[in-house]
Amino acid sequence: MEKRAEKRRMVLVPVPAQGHITPMMQLGQALYSKGFSITVALGESNLVSPSQHFPDFQFVIIPESLPVSQFEKLGSLDFFLNLNKANEANFKECIAQLVLQQGNDIACIIYDEYMYFCEAVATEFNLPSVRSTANSATSHVGGCILNKVNAEKFLIDMKDQEFRDKVVENLHPLRYKHLENLGFGPLESFLEIFKEIFSKRTSSALIINTASCLESVSLSWLQQELGIPVYPLGPLHITASAPSSLLEEDRSCMEWLNKQKPRSVIYISIGSIAHMETKEVLEMAWGLYDSNQAFLWVIRPGSIPGSESLLEDVSKIVSEKGYIVKWAPQVEVLAHPSVGGFWSHCGWNSTLESVAEGVPMICRPFTGEQKLNTLYIENVWSVGIQLEGEVQRGDVERAVKRLLVDDEGACMRERALVLKEKVIASVGSGGSSYNALDELVKSLETCVK
Ligand code: UDP
-3 MEKRAEKRRM
7 VLVPVPAQGH
17 ITPMMQLGQA
27 LYSKGFSITV
37 ALGESNLVSP
47 SQHFPDFQFV
57 IIPESLPVSQ
67 FEKLGSLDFF
77 LNLNKANEAN
87 FKECIAQLVL
97 QQGNDIACII
107 YDEYMYFCEA
117 VATEFNLPSV
127 RSTANSATSH
137 VGGCILNKVN
147 AEKFLIDMKD
157 QEFRDKVVEN
167 LHPLRYKHLE
177 NLGFGPLESF
187 LEIFKEIFSK
197 RTSSALIINT
207 ASCLESVSLS
217 WLQQELGIPV
227 YPLGPLHITA
237 SAPSSLLEED
247 RSCMEWLNKQ
257 KPRSVIYISI
267 GSIAHMETKE
277 VLEMAWGLYD
287 SNQAFLWVIR
297 PGSIPGSESL
307 LEDVSKIVSE
317 KGYIVKWAPQ
327 VEVLAHPSVG
337 GFWSHCGWNS
347 TLESVAEGVP
357 MICRPFTGEQ
367 KLNTLYIENV
377 WSVGIQLEGE
387 VQRGDVERAV
397 KRLLVDDEGA
407 CMRERALVLK
417 EKVIASVGSG
427 GSSYNALDEL
437 VKSLETCVK
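Here is the structure:
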């Protein structure tokens, strides 16, 4: 077999959580396909079966990094502050070892923006660094704005409804109220973390898993504001699929989907982190039952805290119309012709995966970042509806019917299919994301600090 002409090595550093590891592995796959060698640095507790899925990647373990299980215990601010503190010395050691092994081979460190300790390490070893975000461009814009505000004044302004409703200049339809809780936890703590993450940056470019056709306003803003190249090269999963599930996928749901009618099923998933209250789950189960529509529901272990027996109750309610799994092959599920809608927490990966399949959505966001994605799904792309307030079975029933049965849903589906075509075109030859990846590759090929 012909030997692959290897380019220099990229060291990738994802946040150790599903929604961050997935796009980073996809980026690794995309860069590998362009000839780069790939090293992935992960915390001990977060290895993604490397030998099984990525035999050509090198994996290094950052010892004693903070496991993602600590996220909820510590809260987001302390988690990321501690993670960065805990990792810096160990990552330095990792890179020192790599430099020893690979000599001049390492071209660049590409790190998730929340792993900002990488910048200091890159500087110490005289390596260039590029940051990447696992969130949307709009969410990144929000972070930049929060970094610039005077925290004290902003917290006072945010108590004023008129200010909250104001559109952020040049960023329609983004309003100040949308910046609230832009992440997990209260605004106060996020103002602090954004200052920490956004203020001392030395990385030479920003990679975003998005497409110009999805977020042109936010991308233009970032391109003007940041003063470094911004590469919107997504959705990466379309061209660089990279199996990186931390949980085992239950593929039996694909057989179940095969037996359903075209576009008749609502797929329900709240991603890898969010939790639901018992009451909410029961209302959802009854609402789904009353809607008389088929559904495939991912109920992740531990996602309904303290309610192991609840699953039995839910299964009884939904037995005839629904199918429940602990974890699904989501991208394949969304591509299945039986799926007519996606009830989602609107994490950025889920949003992209749905958009790329032309599946309209019922949005039930938990955090501010997911609320921003919802703003785009509902008000900019018009391919979904938001279910607000306390979940009640009547609202669930109506939302599911609006999406799967009513003309309104059919119109949304048409728009979703038009958007799908645009998104697919952007990653195809000559498309904006395709070109952005090429430009990134060119700049990485000439990476010299
Ligand atoms: N996912 C999956 N199977 C499931 C549920 C989710 O493979 O049953 C994947 C989904 O395809 C997505 C990721 O988990 O790539 C969730 O990322 P997202 O950004 O949507 O949300 P987060 O988990 O970060 O809140």
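Using the working numbering, the letters of the sequence shown correspond one by one to residues -3 to 445.
Virtual Cβ for every residue (Gly too), placed ideally from N, Cα, C.
Exercise for the section: Grab me the residues of Leu433's own chain with a C-beta within less than 8 Å of its C-beta, minus the 5 sequence neighbours each way, in chain order. Expected result: Ala26, Lys30, Tyr227 and Leu229
Practice task
Taking only heavy atoms of the ligand UDP into account, decide whether any of them is closer than 7 Å to the Cβ of Gln25.
Solution key: no
Problem - Simplified DSSP state of Thr198, which is helix, strand or coil - result: coil
Practice task
Might you give, ordered along the chain, the residues of its own chain that have their beta carbon closer than 7 Å to the beta carbon of Thr274, omitting 5 neighbours on each side?
Solution key: Ile300, Ser303 and Leu306
Handout entry: Residues near Ala118 in its chain [Cβ-Cβ closer than 6 Å; skip 5 each side]
Key = Ile105 and Ser125
Exercise for the section: Determine the contact status of Ile262 and Val396, defining contact as a CB-CB distance below 8 Å. Expected result: yes
Practice task
Determine the burial state of Asp161: buried for a count of at least 16 other Cβ atoms within 10 Å of its Cβ, exposed for fewer.
Solution key: exposed
Exercise for the section: Rounded to whole angstroms, what's the CA-CA distance from Gly447 to Thr442? Just pull it up for me. Expected result: Residue 447 lies beyond the range of the chain shown here (-3 to 445); nothing can be said about it.
Problem - Proximity below 8 Å, CB of Ser128 to CB of Leu23 - result: yes
Handout entry: Anticipated Cβ contact below 8 Å, Ser265 with Ser346, distance rounded
Key = 7 Å
Exercise for the section: Starting from the C-beta of Leu330, find all residues in its chain whose C-beta is less than 7 Å away, skip the five residues before and the five after it, and write them out in chain order. Expected result: Tyr263, Phe338, Glu349, Ser350, Glu353 and Val355
Problem - Beta-bridge partners of Tyr28, as assigned by DSSP - result: According to DSSP, which records beta bridges pairwise, Tyr28 is partnered with nothing at all.
Exercise for the section: Would you kindly check if the distance between the Cβ of Trp344 and the Cβ of Asn131 is under 8 Å? Expected result: yes
Handout entry: Residues of its chain near Val279, where Cβ-Cβ distance is below 6 Å and the 5 sequence neighbours each way are ignored
Key = A quick correction: the sequence has Glu, not Val, at residue 279. The answer, listed in chain order, is Val387, Gln388 and Arg389.
Exercise for the section: Confirm the yes/no value for this check: CB of Thr18, any heavy atom of the ligand UDP, distance under 7 Å. Expected result: yes
Problem - Beta-carbon proximity check, Val440 vs Phe50, cutoff 8 Å - result: Sequence inspection shows Leu at residue 440; the Val mentioned does not correspond to that position. In this structure, Phe50 does not lie closer than 8 Å to Leu440 by Cβ.
Exercise for the section: Measure the beta-carbon distance from Phe113 to Phe75 and round it to whole angstroms, keeping in mind my assumption that it falls under 8 Å. Expected result: Not quite, the Cβ-Cβ distance comes to about 13 Å (not below 8 Å), so this is no contact.
Practice task
Indicate, with yes or no, if the ligand UDP has a heavy atom lying under 7 Å from the CB of Ser65.
Solution key: no
Practice task
Using alpha carbons as the reference points, say which of Ile373, Val213 and Asp108 lies closest to Gly138.
Solution key: Val213
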